[in-house]
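Novice:
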Amino acid sequence: MKRTSLIIFTLIVGVLSWFTFTPPPSTHADASHLNATPASLSATVELGDTTTVNLTITNTDSNATTLYLHTGYPPPVVPAMMMASPHVPVPLPQQHERVDPDLQAALRDGKTRFLVFFADRPDLGPAFLIRDWEERGEYVYRTLTAHAERSQRAVRAMLDAAGVRYQPLWIVNALLVEGDATLANALAAHTDVALLMADHQLQMAPPATTTAVSCSATSNNVCWNIARIGADRVWREFGVTGSGITVANIDSGVQYTHPALVNQYRGNLGSNTFDHNYNWFDPVGNQPAPVDAGTHGTHVMGTMVASPLGEPAMGVAPGARWITARACSSVTCNDSDIIAAAQWMLAPTDLAGNNARPSLRPHILNNSWSFDSGGNPVYSGYATAWQAAGIFVVFAAGNTSSNFTTCGSVASPGDYSNVVAVGATDQNDLLSYFSRIGPTTDGRIKPDLVAPGQGIVSTVTASNTYGALSGTSMAAPHVAGAVALLWSAKPQLIGDYDATYALLTGTALPLTGDSRYMDANHSACRPDTVPNNIYGYGRLDIFNAVAAARVTVPWLVLLEWSSPSLVSYGNIVIPITLDARRVAGPGVYTARILIYGDNLTDPPLVVPVTMTVPSRPSHATISGTVTDSETGYPLRGVITTTNGVTLNTNATGGYSLTVPGGVAQQLTATVSNFASQQQAITPDPGSTVTLNFVLDPLRPELTVVQDLITATVDFNQTTPITLPLRNDGNMPLSYTLRIDSEPYGVWRSDESGGPAGGWIDPPFDAQILNLFDDDNSSAIDLGFDFPFANTYYRNIYISANGIIAFAPFASSSGYFTPSCMPLVATTAPVIVPLHVDFNSAQGGQISVARISSGVLITWDNVPLFGTTRTLSVQALLQPDGTIRFHYRNVASLTKNDMGAVGLQFANGSQIIACDIERIDQPQPPLKLSDGLVIELRPQVDPQAWLSISHAGSAAIAAGSQTNAQLTARWIGPLYTTQQARVRIISNDPRQPVTEARIHLNEGVPAPYRVLLVQIFR
656 MKRTSLIIFT LIVGVLSWFT FTPPPSTHAD ASHLNATPAS LSATVELGDT TTVNLTITNT
716 DSNATTLYLH TGYPPPVVPA MMMASPHVPV PLPQQHERVD PDLQAALRDG KTRFLVFFAD
776 RPDLGPAFLI RDWEERGEYV YRTLTAHAER SQRAVRAMLD AAGVRYQPLW IVNALLVEGD
836 ATLANALAAH TDVALLMADH QLQMAPPATT TAVSCSATSN NVCWNIARIG ADRVWREFGV
896 TGSGITVANI DSGVQYTHPA LVNQYRGNLG SNTFDHNYNW FDPVGNQPAP VDAGTHGTHV
956 MGTMVASPLG EPAMGVAPGA RWITARACSS VTCNDSDIIA AAQWMLAPTD LAGNNARPSL
1016 RPHILNNSWS FDSGGNPVYS GYATAWQAAG IFVVFAAGNT SSNFTTCGSV ASPGDYSNVV
1076 AVGATDQNDL LSYFSRIGPT TDGRIKPDLV APGQGIVSTV TASNTYGALS GTSMAAPHVA
1136 GAVALLWSAK PQLIGDYDAT YALLTGTALP LTGDSRYMDA NHSACRPDTV PNNIYGYGRL
1196 DIFNAVAAAR VTVPWLVLLE WSSPSLVSYG NIVIPITLDA RRVAGPGVYT ARILIYGDNL
1256 TDPPLVVPVT MTVPSRPSHA TISGTVTDSE TGYPLRGVIT TTNGVTLNTN ATGGYSLTVP
1316 GGVAQQLTAT VSNFASQQQA ITPDPGSTVT LNFVLDPLRP ELTVVQDLIT ATVDFNQTTP
1376 ITLPLRNDGN MPLSYTLRID SEPYGVWRSD ESGGPAGGWI DPPFDAQILN LFDDDNSSAI
1436 DLGFDFPFAN TYYRNIYISA NGIIAFAPFA SSSGYFTPSC MPLVATTAPV IVPLHVDFNS
1496 AQGGQISVAR ISSGVLITWD NVPLFGTTRT LSVQALLQPD GTIRFHYRNV ASLTKNDMGA
1556 VGLQFANGSQ IIACDIERID QPQPPLKLSD GLVIELRPQV DPQAWLSISH AGSAAIAAGS
1616 QTNAQLTARW IGPLYTTQQA RVRIISNDPR QPVTEARIHL NEGVPAPYRV LLVQIFR
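Just so it is clear: in the sequence shown, position 973 is 1628 by my numbering, and no numbers are missing.
(1) Can you tell which of N1516, V1314, I1486, V1344 has its C-alpha closest to the C-alpha of S1458?
(2) Per the contact definition of three or more C-beta pairs closer than 8 Å, is the stretch 873–893 in contact with the stretch 1197–1209?
(3) Between the Cα of L1001 and the Cα atoms of S1495, A1043, G894, which residue gives the shortest distance?
(4) Going by C-alpha distance, which of N932, W1414, G1168 is nearest L1587?
(5) On the DSSP letters alone, give me the boundaries of the alpha helix (DSSP H) that T837 sits inside.
(6) Only counting the same chain, and skipping five residues up and downstream in sequence, which positions put a Cβ closer than 7 Å to that of W1210?
(7) Extract the residue ranges of the alpha helix (DSSP H) inside the stretch 1029–1117, only unbroken runs of 4 or more that lie entirely within it.
(8) My understanding is that A980 touches A961, with C-beta atoms under 8 Å, so please give their C-beta distance in whole angstroms.
(9) By a C-beta neighbour count over all protein chains shown, 10 Å radius and 16 as the cutoff for buried, is P1662 buried or exposed?
(10) Flag this pair as touching only if the stretch 917–931 and the stretch 1220–1230 have three or more C-beta atom pairs under 8 Å; answer yes or no.
(11) So, under 8 Å CB-CB, P1102 and V1065 are touching, yes? Tell me the CB distance rounded to an integer number of Å.
(12) Below 8 Å on the Cβ atoms is my contact criterion, and I expect H1541 with Q1529 to pass it. Report the Cβ-Cβ distance as a whole number of Å.
(13) Take the Cβ of I1639 as the centre, count every other Cβ of all protein chains shown within 10 Å, and call the residue buried at 16 or more, exposed below.
(14) For L1426, would you say it is in contact with chain D, using Cβ-to-Cβ distances shorter than 8 Å as the test?
(15) Do you know how far the Cα of I1376 is from the Cα of P1660?
(16) Quick one: any contact between the stretch 1384–1394 and the stretch 1624–1637, if contact means 3 or more CB pairs under 8 Å?
(17) For P756, does the three-state DSSP call read helix, strand or coil?
(18) Rounding to the nearest angstrom, what Cα-Cα distance links Q1094 and Y1071 in this structure?
(19) Quick check on the burial criterion: 16 or more other C-beta atoms within 10 angstroms. Buried or exposed for G1317?
(20) With 16 other CB atoms within 10 Å as the buried threshold, where does A1482 fall?
(21) My assumption, with CB atoms under 8 Å, is that I1567 sits in contact with V1556. Please give the rounded CB distance.
(22) Report the three-state DSSP secondary structure of V1648 (helix, strand or coil).
(23) Does the pairing of the stretch 1011–1023 with the stretch 788–796 give three or more beta-carbon distances under 8 Å?
(24) Can you give the Cα-Cα distance for L1213 and S1547, rounded to whole angstroms?
(25) Relative to the C-alpha of P1132, which residue among P1269, T1114, F783 is closest?
(26) Which same chain residues end up closer than 6 Å to W1041 when comparing Cβ atoms and leaving out the 5 residues on each side of it in sequence?
(27) Check whether the Cβ atoms of D655 and N714 lie closer than 8 Å to each other.
(28) Quick test of the definition: if touching needs 3 or more C-beta pairs under 8 Å, does the stretch 1274–1282 touch the stretch 1310–1325?
(29) What does the alpha-carbon distance come out to for the pair A948 and Q942?
(30) Among the candidates I1111, G965, I826, whose CA atom is the shortest distance from the CA of T953?
(31) Identify the continuous beta strand (DSSP E) that holds S1604 and give its terminal residues.
(32) Can you list, in chain order, the residues of its chain with a C-beta nearer than 6 Å to that of P1463? Leave out the 5 residues immediately preceding and following it.
(33) Does S687 come out as helix, strand or coil in the three-state DSSP assignment?
(34) Do I1100 and G1191 have their C-beta atoms closer together than 8 Å?
(35) Please report how far the alpha carbon of A1561 lies from the alpha carbon of Q1594, in whole angstroms.
(36) What is the DSSP secondary structure of S1389, counted as helix, strand or coil?
Laid out in structure tokens, this is it:
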């Protein structure tokens, strides 16, 4: 039987390399063979002083070891109590019939292999209370194997008697057998058996395509994807590369001899000697050493741990070790092989499949494969067993062959609740077009995270080189490698899925507002909150996660050791500094030094540390508040001193610290998104002084120095136009100018030179349109031919949601879908005075009237859907082609109403304003007010007469100004003032898009005039 499993095999080959790591020794001394003298440290230190004490660490084992020292605080004291173990049974696969229909079909052709699942399910709940890594793995292994032996005993005896061979798959309490329909019927009738399932063969899906890309290395010689998630900062700033952690993948195999991978292979004993027992499993080909049936598994492993020599870094955790299991050929995978590989991961065996050692299971397991759909729980049993054993499990969210899939496409097993599903992003942090999205079939949010997955350069099998692949297969190992960094940085997290998940998701970069997923097709999964079903909690940021996880005790200073080595039966003296300059006042301070050996899963050697800082009359107190300079609101932030004191402000922005009197102090207040501020003070001995901080918001601030520029152009000439722009903020401002197509000049009554007039009350004989919510009218005769975008129209069609169309809508009624131009509601030419979700069924009035100046279309006091707010909007169509919009009672309109104003033509559009975020093409926001008139006058498109000649895209330093240069050219006789609205897109968060107006008049006229004869019917 065949199903489709999505695994990506897209290859762009390039040659990349970087550095190598020395493999760890095959034997090591663990923390139980370490002791410290003294067993605890304590000292009295005067405020503002330091003292150094020595700690001697001795290795009592015959094996050398590497020391990993961490600081931490004492654990909280909690009352002794018995914790009830959770109930976590290993679930059965779910199928509607006792015998899989696929199996029934296969049995009609004779013998076939199939899976026998047993009804009695083991409970692994107690494993979640075991903190010791080896004990936890042994418990899960013993529980599963013993339960299988017991519950399968009768069926195994029946099979033995019949001479039927079988393979125990104790991880899911199942057997793999081969037999005919008679055997299958006998097994199905057995009371111990729950169900029979075909040994499905999963067909590999076509790969996601990719275009050739380079590694796009940074100035630090790191591939873009590694830098994007902050892995290189973890190496540089924390000295953490994943040492002590073992990662694994179930895939097409791994080419272990690849020079960027061989040194991290756990089976590498050094001196070109390898031991593949417990490090390699191959139920597909039974090869004695790791190989790859294609290149997929090698590429995935490279993203986790690759350490190439001489070129950009491309592995997330190059200090981690790896093992692997091959469960797939280059084109297919069998259910039984995947389950066997899953079982081996829980308790690796020797090459003969014997002598299981669960203590050698990997810490992290990556699975860059999936079904072609979600809601398939067939593998939920071993996912539960993995989690019970403390293995952190990562799955790809899956790929789709169609661009920008609809909601609910996330694939199994990534949609399971106890695994992390990873979607793929490109270099712009936008979801890749092939990446599957949530929700799951039962409504949960997936993916959990997104990570780079498009054009990822990593190790490939071809000539041991490097190439680019794309897919969620490439995104998932970023998260697996990131967990290796996180667990290496804080070993207390090993096996703690919930705490690790919270750190990864809580520090991810939130991503929302992707306009590609804000349409009607994605109404059930729009990325408008965090988490969401497009980006999950956001894009992985492992630097933030490690920074949040590591515990720094400011006053406890360890000498900067990389990782000191300790020979067998040797000792080492480590100086420890207790620094009373780094505390906020007198008191008794306690902490711990945690000392690990090579195996980070062993409990650490713990050395308690106490520093006593006595109170003296000469001490002085400094206190104050930190507030926002614009609002006066208190700010939560951090106060630091040059000596290293760090303290947080409270809810009212207040702080207080005690310092030695008469000693100069320099304090710095730091708040996220605000400019930091420093102040110096020397408090007198015994005094109490106040020192307040008032911080400015940290942002660029674009000022268009001259927002209306009038230019004159002579016959057949050009004229330069200078547009002055200034950055009044405290951060660099980057901007880009854009000249949009504007067949109609936009003249506003709230700007100089704008139109007069205003709201027109509809006459008594106005035609009332009885439009229901989201309804559309039939044809309405204008009474004259209205010129619009080079075409004359006699009839209009009106939507209850603020659209005037010149062709019938596709349906009489359709749900409101927010959109800028072009509209989702219709592809016809339209005039849009305000497209919002009006609900005319709840009140207000929509009317059409012929008046002396044209045809007046009015939405008067029409409620917004789901609210009590009402809006009034008018459009006046005049016979000469001029269009006027009138606004009344619009002050309650908000950005969340996602309104749009503009024009749509047969072959283009003109967006006047839009409150829908579009990352690909940002637009000016709506700026509507009561009494506003917007007049649209037909004109020559500015793209024909205006161009950007210099500084169309540039950066402006804080407090600086630049002049962008444009050029206007004569294109023919100008009978009226022409207008262009130059859009300025910038990183000013208050106004990402703003405008400057250019008015163009004719100077020396042409020596001729053009007469146009218009005939109106």
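Glycine included, each C-beta is placed from N, C-alpha and C at the ideal position. Since the model is a prediction, treat every value here as computed from it, not as a measurement.
Specialist: Result, derived from the coordinates:
(1) Correcting the residue type first, residue 1458 is Ile in the shown sequence and not Ser. Comparing alpha-carbon positions, the option among N1516, V1314, I1486, V1344 lying closest to I1458 turns out to be I1486.
(2) yes
(3) A1043
(4) W1414
(5) 836–844
(6) L1233, D1234, A1235, R1237, V1238, Y1244, M1266
(7) 1035–1043
(8) Actually they are not in contact, since the Cβ atoms of A980 and A961 sit about 19 Å apart, beyond 8 Å.
(9) exposed
(10) Short answer: they don't touch.
(11) 6 Å
(12) 4 Å
(13) Of the residues assessed, I1639 falls on the buried side of the cut-off, its CB having 16 or more other CB atoms within 10 angstroms.
(14) Judged by its chain identifiers, the structure shown contains no chain D, having just a single protein chain.
(15) 20 Å
(16) yes
(17) helix
(18) According to the sequence shown, residue 1094 is Pro rather than Gln. Their Cα atoms are separated by approximately 11 Å.
(19) With fewer than 16 other Cβ atoms from the protein chains shown falling within 10 Å of its own Cβ, G1317 counts as exposed.
(20) Ala is not the amino acid found at residue 1482; the sequence shown has Thr there. Looking at its Cβ environment, which holds fewer than 16 other Cβ atoms inside 10 Å, T1482 is exposed.
(21) Indeed they touch by this definition, with Cβ atoms about 5 Å apart.
(22) strand
(23) Taking one beta carbon from each stretch, the stretch 1011–1023 and the stretch 788–796 have 3 or more pairs nearer than 8 Å; the two touch.
(24) 59 Å
(25) T1114
(26) V1048
(27) Residue 655 lies beyond the range of the chain shown here (656 to 1672); nothing can be said about it.
(28) yes
(29) 11 Å
(30) I1111
(31) Per DSSP, S1604 belongs to the beta strand (DSSP E) from 1601–1605.
(32) Y1452
(33) DSSP, reduced to helix, strand and coil, places S687 within a helical segment of the structure shown.
(34) yes
(35) Each residue's Cα considered, the two are about 17 Å apart.
(36) strand
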